[in-house]
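S.K.: This structure is in structure tokens; I'll ask about it shortly.
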Amino acid sequence: MNFSLTEEQESVRKMVRKFVDREIIPSIQEWDEKGHFERGILKRLSNLELMGVGIPEKYGGVGMDYNTLAIVCDELERGDTAFRTALSVHTGLNSMTILQWGNESQKEKYLVPQARGQKIGAFGLTEPNTGSDVAALQTTARREGNKYVLNGYKTWISLCDVADHFLIFAKTDNDKNHHGISCFIVERTFPGLTTKAIKGNLGIRAGNTGEVFLEEVHVPAENLLGEEGEGLKIAMSALDHGSFTVAAGACGLINACLEESIKYCHELKTFGKEIGKPQLVQQMIAKMSANLEISRQIVYRAGSLKNEGEQNTHETSIAKWFACDAAIEAANDAIQIHRAYEYSNEYSVERFLRNAKAPDIYEATREIHTITEAEYTLGYREDKPISKKLPSWPFVESLETSK
Ligand SMILES: Cc1cc2nc3c(=O)[nH]c(=O)nc-3n(C[C@H](O)[C@H](O)[C@H](O)COP(=O)(O)OP(=O)(O)OC[C@H]3O[C@@H](n4cnc5c(N)ncnc54)[C@H](O)[C@@H]3O)c2cc1C
Numbered sequence: 001m002n003f004s005l006t007e008e009q010e011s012v013r014k015m016v017r018k019f020v021d022r023e024i025i026p027s028i029q030e031w032d033e034k035g036h037f038e039r040g041i042l043k044r045l046s047n048l049e050l051m052g053v054g055i056p057e058k059y060g061g062v063g064m065d066y067n068t069l070a071i072v073c074d075e076l077e078r079g080d081t082a083f084r085t086a087l088s089v090h091t092g093l094n095s096m097t098i099l100q101w102g103n104e105s106q107k108e109k110y111l112v113p114q115a116r117g118q119k120i121g122a123f124g125l126t127e128p129n130t131g132s133d134v135a136a137l138q139t140t141a142r143r144e145g146n147k148y149v150l151n152g153y154k155t156w157i158s159l160c161d162v163a164d165h166f167l168i169f170a171k172t173d174n175d176k177n178h179h180g181i182s183c184f185i186v187e188r189t190f191p192g193l194t195t196k197a198i199k200g201n202l203g204i205r206a207g208n209t210g211e212v213f214l215e216e217v218h219v220p221a222e223n224l225l226g227e228e229g230e231g232l233k234i235a236m237s238a239l240d241h242g243s244f245t246v247a248a249g250a251c252g253l254i255n256a257c258l259e260e261s262i263k264y265c266h267e268l269k270t271f272g273k274e275i276g277k278p279q280l281v282q283q284m285i286a287k288m289s290a291n292l293e294i295s296r297q298i299v300y301r302a303g304s305l306k307n308e309g310e311q312n313t314h315e316t317s318i319a320k321w322f323a324c325d326a327a328i329e330a331a332n333d334a335i336q337i338h339r340a341y342e343y344s345n346e347y348s349v350e351r352f353l354r355n356a357k358a359p360d361i362y363e364a365t366r367e368i369h370t371i372t373e374a375e376y377t378l379g380y381r382e383d384k385p386i387s388k389k390l391p392s393w394p395f396v397e398s399l400e401t402s403k
């Protein structure tokens with residue numbers, strides 16, 4: 001596998017970097033302090049066609065590959081985790097899942113406007129008693145003629161107040177445990193769906209996360225994604241796509257910590273020498289730098305497998321686990337290097353540390369990724385063939401052959 005970036009990927013990196021420097025970094029501290037989600041950023045990302053990276057042109061996207069999506073996430077999170085989270089949810093958890101599991105009319109109706117950034121997608125799996133244990137979910141969907149009626153409550157749903165379309169997971173058969181879960185495309189405008197943001201979060205304060213209430217929501221039967229009972233498989237493949245983008249974003253957070261620390265090391269002096277001179281400070285810089293390199297390589301390995309149409313749950317899980325851990329360590333060390341000044345919110349490093357925590361929890365916790373790794377290693381877990389595959393890249397060829 002060759003993980004060097006193409007000219008096109010390099011130019012996307014530069015474009016997103018410039019965008020982040022101009023549109024996010026100057027205002028992020030204020031947005032974070034006020035707990036304000038700046039919707040205009042999503043609009044500007046769609047003007048740059050960045051909501052359609054990783055989606056074929058046939059479905060409204062720009063046809064760029066999955067590693068280009070990783071680069072966009074990496075550079076966005078250098079600005080702030082809130083906007084990378086938004087892209088992870090919109091593209092990774094929602095659009096790529098419709099791309100993989102949707103039928104042609106669902107792709108036409110929902111994926112095309114999402115890939116163009118005209119509509120925003122979210123992902124509703126978690127409930128008060130359902131996080132890692134997906135089979136425990138209690139939201140129900142009862143079939144009535146040509147529609148389903150959904151009742152339940154989702155929590156910690158990113159973009160809850162912003163999204164136009166939600167993928168909602170619900171039990172269609174209570175007796176079948178995880179085989180009784182199904183997935184529905186639910187529009188915000190369907191009567192009975194309401195949302196409410198959660199405030200006072202530790203990190204990603206410039207984001208939007210909250211609750212989704214479903215009370216007798218009538219969903220047309222044609223909005224069932226995949227088949228009845230395929231919800232768990234759909235959720236797991238969505239988490240593969242989402243985790244991939246989270247891992248890529250963690251690289252951006254490590255990079256942000258590294259850039260701030262390097263600047264500070266050259267600017268400030270201790271005992272008459274630059275702060276970068278003592279070996280114990282160099283050890284922290286070296287770790288950040290090496291972890292950035294390693295994290296990007298393992299993200300690109302997972303992305304290359306996606307491009308080739310190969311299963312990548314194991315590789316994606318390693319990338320997400322390693323990069324998110326490394327991001328927390330980098331943020332912690334960046335504060336150490338910056339001494340007391342970064343303990344206040346006058347600088348950005350304290351925000352990096354607060355932001356680094358949620359990616360360690362969402363899209364499967366660190367513990368779940370640890371167990372996944374152990375199970376693959378011990379031979380207790382192996383990939384099973386999947387009925388619907390994410391299109392490989394280049395898209396034009398893979399969509400032609402799948403006809
Ligand atoms: C900022 C943010 C945004 C989010 N956005 C979304 C979203 O858009 N959509 C969505 O559906 N969800 C979202 N979530 C929810 C997130 O996916 C869940 O919080 C996550 O899956 C963990 O579930 P839980 O919080 O219920 O913890 P639990 O699953 O209850 O876990 C609690 C603790 O027990 C550990 N644990 C659980 N089971 C095991 C086990 N078998 N072995 C070892 N340890 C175990 C966990 O690792 C964790 O440490 C978001 C969360 C946050 C914080």
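Its first residue numbered 1, the sequence shown is counted upward by one per residue in the UniProt record's numbering. Each residue gets a CB set at the ideal place from its N, CA and C atoms; glycine is no exception. All values reported here derive from a predicted model rather than from experimental measurement.
Could you pull out every residue in the same chain whose Cβ sits closer than 8 Å to the Cβ of G226, ignoring the five residues on either side in sequence?
M.R.: Residue mapping note: residue 226 aligns to position 226 of the sequence shown, counting from 1. Counting only Cβ-Cβ distances below 8 Å, and skipping sequence neighbours, we find W101, S182, C183, K233, I234 and K388.
S.K.: With DSSP as the reference, label N151 as helix, strand or coil.
M.R.: Taking the sequence shown and counting its residues from 1, one reaches residue 151 at position 151. Three-state result, N151: strand.
S.K.: Can you tell which of A331, E10, Y362 and D360 has the C-alpha that lies nearest to the C-alpha of Y347?
M.R.: Taking the first residue of the sequence shown as 1, we reach residue 347 at position 347. Checked all of A331, E10, Y362 and D360; the closest Cα to Y347 is A331.
S.K.: Please indicate yes or no: does the CB of A83 lie closer than 6 Å to some heavy atom of ligand 1?
M.R.: Your numbering for residue 83 matches position 83 in the sequence shown. A small fix is needed here, since residue 83 is Phe in this sequence, not Ala. Checking every heavy atom of ligand 1 against the Cβ of F83, none is found closer than 6 Å.
S.K.: Who does C183 pair with in a DSSP beta bridge?
M.R.: Walking along the sequence shown from the start, residue 183 turns up at place 183. C183 pairs with F169 and L225.
S.K.: Hey, is the region 208–220 in contact with the region 244–257, meaning 3+ C-beta pairs nearer than 8 Å?
M.R.: Counting Cβ pairs under 8 Å, fewer than three are found: no touch.
S.K.: To the nearest angstrom, how far is it from the Cα of R142 to the Cα of E308?
M.R.: Numbered from its first residue, the sequence shown carries residue 142 at position 142. Numbered from its first residue, the sequence shown carries residue 308 at position 308. Taking the straight line from one Cα to the other gives about 39 Å.
S.K.: Starting from V219, follow its DSSP beta bridges and name the residues at the other end.
M.R.: Locating residue 219 in the sequence shown gives position 219, counting from the first residue. Note: V219 sits in a beta bridge opposite Y148.
S.K.: Rank H36, K263, E108 and Y300 by C-alpha distance to the C-alpha of D80 and give the top, closest one.
M.R.: Within the sequence shown, residue 80 is the residue found at index 80, counting from 1. It is H36.
S.K.: For Y264, I'd like the list of residues in its chain whose CB is within less than 7 Å of its CB, leaving aside the five on either flank, ordered along the chain.
M.R.: Reading the sequence shown from its first residue, position 264 is the one you call residue 264. Correct list, in chain order: I275, I337 and H338.
S.K.: Need the endpoints of the beta strand (DSSP E) that A122 sits in, please.
M.R.: On the sequence shown, residue 122 is found 122 positions in, with the first residue counted as 1. Element bounds for A122: G121 to G124.
S.K.: Spatial neighbours of T365 within its chain, please: CB distance less than 7 Å, with the 5 preceding and 5 following residues excluded, ordered by chain position.
M.R.: Taking the sequence shown and counting its residues from 1, one reaches residue 365 at position 365. Closer than 7 Å at the Cβ level, and outside the excluded window around T365, lie S132.
S.K.: Hey, G52 and A115 are a contact pair by Cβ (cut 8 Å); roughly how many whole angstroms apart?
M.R.: For the purposes of this step, residue 52 is identified with residue 52 of the sequence shown, where counting begins at 1. For the purposes of this step, residue 115 is identified with residue 115 of the sequence shown, where counting begins at 1. Confirmed, about 4 Å.
S.K.: From this set, K176, T139, K147 and H179, which residue's C-alpha is nearest A168's C-alpha?
M.R.: Numbered from its first residue, the sequence shown carries residue 168 at position 168. For the record, residue 168 in the displayed sequence is Ile; it is not Ala. Nearest option by C-alpha distance: T139.
S.K.: Would you be able to state if there are at least three C-beta pairs under 8 Å between the region 268–284 and the region 354–368?
M.R.: Output reads no: the region 268–284 does not touch the region 354–368.
S.K.: Run through DSSP, which three-state label would A163 get?
M.R.: Taking the sequence shown and counting its residues from 1, the one referred to as residue 163 is at position 163. Three-state DSSP puts A163 in coil, outside helix and strand.
S.K.: Y380: buried (16+ other C-beta within 10 angstroms of its C-beta) or exposed?
M.R.: In the sequence shown, counting from the first residue as 1, residue 380 sits at position 380. Label assigned to Y380: exposed.
S.K.: Examine the Cβ distances between the region 318–328 and the region 366–378 and report whether three or more of them are shorter than 8 Å.
M.R.: Because the criterion of three Cβ pairs below 8 Å is met, the region 318–328 and the region 366–378 touch.
S.K.: Just reading off the alpha helix (DSSP H) that L42 is part of, what are its end residues?
M.R.: Residue 42 sits at position 42 when you count from the first residue of the sequence shown. R39 to N47 is the span of the alpha helix (DSSP H), which, as asked, contains L42.
S.K.: Is DSSP giving K233 helix, strand or coil here?
M.R.: In the sequence shown, residue 233 corresponds to position 233, counting from 1. Here K233 sits in helix by DSSP.
S.K.: Do three or more CB pairs link the region 142–153 to the region 96–113 at distances below 8 Å?
M.R.: Result no; under three Cβ-Cβ pairs closer than 8 Å.
S.K.: Given the structure, does V89 come close to ligand 2, in the sense that its CB is under 6 Å from one of the ligand's heavy atoms?
M.R.: This structure lacks ligand 2; its bound ligands are ligand 1.
S.K.: So, with DSSP's three-state summary, where would you put E274?
M.R.: Stepping through the sequence shown from its first residue, residue 274 is reached at position 274. Reduced to three states, the DSSP call for E274 is strand.
S.K.: Taking Cβ positions, are A302 and N291 nearer each other than 7 Å?
M.R.: Walking along the sequence shown from the start, residue 302 turns up at place 302. Walking along the sequence shown from the start, residue 291 turns up at place 291. No; because the gap between Cβ atoms is not below 7 Å, this pair is not in contact.
S.K.: If we call anything under 7 Å between Cβ atoms a contact, is E127 one with K154?
M.R.: By 1-based counting over the sequence shown, the position of residue 127 is 127. By 1-based counting over the sequence shown, the position of residue 154 is 154. Taking 7 Å as the Cβ cut-off, E127 and K154 qualify as a contacting pair.
S.K.: Which residues mark the beginning and the end of the beta strand (DSSP E) in which T195 is found?
M.R.: Translated into the one-based positions of the sequence shown, residue 195 becomes position 195. That run of the beta strand (DSSP E) goes L193 to A197.
S.K.: For Y148, which residues of its own chain have a beta-carbon under 6 Å away from its beta-carbon, when the five flanking residues on both sides are left out?
M.R.: The sequence position of residue 148 within the sequence shown is 148, counting from 1. Same-chain partners within the cutoff: A141 and V219.
S.K.: Should K273 be labelled buried (16 or more other beta-carbon atoms within 10 Å of its own) or exposed?
M.R.: The residue labelled residue 273 in the question sits at position 273 within the sequence shown. K273 should be labelled exposed.
S.K.: Under DSSP, the alpha helix (DSSP H) around R354 begins and ends at which residues?
M.R.: Along the sequence shown, one-based indexing puts residue 354 at 354. Taken as a continuous stretch (DSSP letters only), the alpha helix (DSSP H) holding R354 covers V349 to K357.
S.K.: Grouping DSSP H, G and I as helix and E and B as strand, with all else coil, what is L214?
M.R.: Taking the sequence shown and counting its residues from 1, one reaches residue 214 at position 214. The answer is strand: DSSP assigns L214 an E or B state.
S.K.: Within 6 Å: the Cβ of E367 and any heavy atom of ligand 1?
M.R.: The count along the sequence shown starts at 1 and reaches residue 367 at position 367. Checking the Cβ of E367 against ligand 1 gives yes.
S.K.: Please classify N67 as buried or exposed, where buried requires at least 16 neighbouring CB atoms within 10 angstroms.
M.R.: Here the question's residue 67 lines up with position 67 in the sequence shown. Buried: at least 16 other Cβ atoms inside 10 Å.
S.K.: Report the three-state DSSP secondary structure of I361 (helix, strand or coil).
M.R.: For the purposes of this step, residue 361 is identified with residue 361 of the sequence shown, where counting begins at 1. I361: coil per DSSP, three-state reduction.
S.K.: Provide the residue span of the alpha helix (DSSP H) that contains D325, from first to last.
M.R.: Counting from 1 along the sequence shown, the entry for residue 325 is found at position 325. Element bounds for D325: T313 to H338.
S.K.: How big is the Cα-Cα spacing for W31 and D173?
M.R.: One-based indexing of the sequence shown puts residue 31 at position 31. One-based indexing of the sequence shown puts residue 173 at position 173. So the two alpha carbons sit approximately 43 Å from each other.
S.K.: Using a Cβ-Cβ cutoff of less than 6 Å, which residues in the same chain neighbour A327 once the five nearest sequence positions on both sides are dropped?
M.R.: Mapped onto the sequence shown, residue 327 falls at position 327. Around A327: A250, L253, I254 and A356.
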